[in-house]
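Since the structure comes first, as structure tokens, the remarks are kept for the end.
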Amino acid sequence: MKIATWNVNSIRARLPHVVRWLEGHRPDVLCLQELKVQDEEFPRAELEALGYRCAVAGQKTYNGVAILCRDEPRDPSPGLAHLPPDHPLNGQKRLLAATVTGVRVISAYLPNGEAVGSDKFAFKLAFFRELREYLARELSRGEALCLCGDFNVAPEPIDVYDPAAWEGQVLCSEPERAALAAVRALGFDDCFRRHHPEAGRYSWWDYRMKALQRKLGLRIDHVWATAPLAERCTASDIDAEPRRWERPSDHAPVWAEFSL
DNA sequence: ATGGCGTACACCGTACGA
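When you line the first sequence up against the working numbering, it's residues -4 to 255, in that order.
So, in structure tokens, the structure goes:
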């Protein structure tokens, strides 16, 4: 079972890339983030034509997440389900869970945080705190959990092209890394890192400053799995190729393969 | 020190991203 995640930075702008990547890799599951469309505008027919079912939690202009899968997505659940739908943390479509072939898959687009100390930074930390509460409840379902998405945190200095310059900055700050570690402590393992100890492997590069060519990136997109599933992870990688295609997303797909 | 690029919306600039 191959599970992938990709922040596409607008599904409208990126549909040709998503189609091309699905055709080339044929993952069993692809989690998408930053759709930037409402559910009605999601290109469901085009993706179903490729053999993928779609669970969608869309939003106009900002955010929006989806789970594409070859098997049926069961028990789809948007948002932080332990909080009321009208809770401020559920106002933005950043989370969607569905069970696919016995694995509880979660597509997550965690807040960017803008700058350390800003209101958006406080919102980001609050979201991480509630994500932990949410996942603790999901774990009690007893299913294997695969948490995928744009976490907007580089977990370690080796995930950053210039760790000294980024130390303490948003995406790399101590409170963010601590919040991420608290989620991980529920029992998750980083599938990519399990297979790749090396530094300098990134999932996001700024559109500006020729960042991709100069290898100025961060690893902020992740596939995490709970222990029994992670132990069955046979391979994982970041596919930087689509980042070099015409009009790319600034993020690359990350995937992990499991022997089930 | 700043902005650099891209997307969306809607109006031809502004918000937002990371």
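Even glycine gets a Cβ: it sits at the ideal position worked out from N, Cα and C.
(message) Suppose you measure from the CA of Ala121 to the CA of Glu171; what does that come to, to the nearest Å?
(response) Residue mapping note: residue 121 aligns to position 126 of the first sequence, counting from 1. Residue mapping note: residue 171 aligns to position 176 of the first sequence, counting from 1. Ala121 and Glu171 have their C-alpha atoms roughly 10 Å apart.
(message) I need the boundaries of the alpha helix (DSSP H) containing Trp219, first residue and last residue.
(response) On the first sequence, residue 219 is found 224 positions in, with the first residue counted as 1. That residue, Trp219, is in no alpha helix (DSSP H); its beta strand (DSSP E) goes Asp216 to Thr221.
(request) Count the C-beta pairs between the region 116 to 132 and the region 163 to 177 that are closer than 8 Å, then say yes if the count reaches three, no if not. (result) As far as the Cβ criterion goes, the region 116 to 132 touches the region 163 to 177, which means the pair count is three or higher.
(request) Evaluate Trp240 with the Cβ neighbour count: other Cβ atoms within 10 Å of its Cβ, from every protein chain shown; 16 or more gives buried, anything less gives exposed. (result) As a working note, residue 240 is residue 245 in the first sequence. Classification for Trp240: exposed.
(request) Could I get the ranges of all uninterrupted beta strand (DSSP E) runs contained in the region 169 to 220, with 3 residues as the minimum, in chain order? (result) As far as the region 169 to 220 is concerned, its whole beta strand (DSSP E) runs of at least 3 residues are 183 to 185.
(request) May I have the straight-line CA-CA distance separating Leu42 from Arg7, to the nearest angstrom? (result) Residue numbering aside, residue 42 sits at position 47 when the first sequence is read from its first letter. Residue numbering aside, residue 7 sits at position 12 when the first sequence is read from its first letter. Inter-residue distance for Leu42 and Arg7 is about 12 Å (C-alpha atoms, whole angstroms).
(message) Between which two residues does the alpha helix (DSSP H) holding Glu41 run?
(response) As a working note, residue 41 is residue 46 in the first sequence. Membership of Glu41 in the alpha helix (DSSP H) is indicated by the continuous run Arg39 to Glu43.
(message) Taking the beta strand (DSSP E) that Asp232 belongs to, which residues open and close that run?
(response) Position 237 of the first sequence, counted from the start, is the residue given in the question as residue 232. Segment Cys228 to Ile233, the beta strand (DSSP E) holding Asp232.
(request) Write down the C-beta distance between Lys55 and Pro73 rounded to the nearest angstrom, noting that I regard them as a contact closer than 8 Å. (result) Looking up residue 55 in the first sequence gives position 60. Looking up residue 73 in the first sequence gives position 78. Rounded to the nearest angstrom, the Cβ distance from Lys55 to Pro73 is 15 Å, too far for a contact under 8 Å.
(message) Let me check understanding here. Comparing Cα to Cα, which of Arg209, His217 and Leu207 lies closest to His190?
(response) For the purposes of this step, residue 190 is identified with residue 195 of the first sequence, where counting begins at 1. By alpha-carbon distance to His190, the top candidate from Arg209, His217 and Leu207 is His217.
(message) Whether or not the region 89 to 101 and the region 132 to 143 are in contact is what I'm after, with contact meaning three or more pairs of Cβ atoms, one per stretch, closer than 8 Å; do they touch?
(response) Yes: the two stretches touch, three or more of their Cβ pairs being nearer than 8 Å.
(request) Count the C-beta pairs between the region 156 to 171 and the region 235 to 249 that are closer than 8 Å, then say yes if the count reaches three, no if not. (result) Not touching, per the Cβ criterion.
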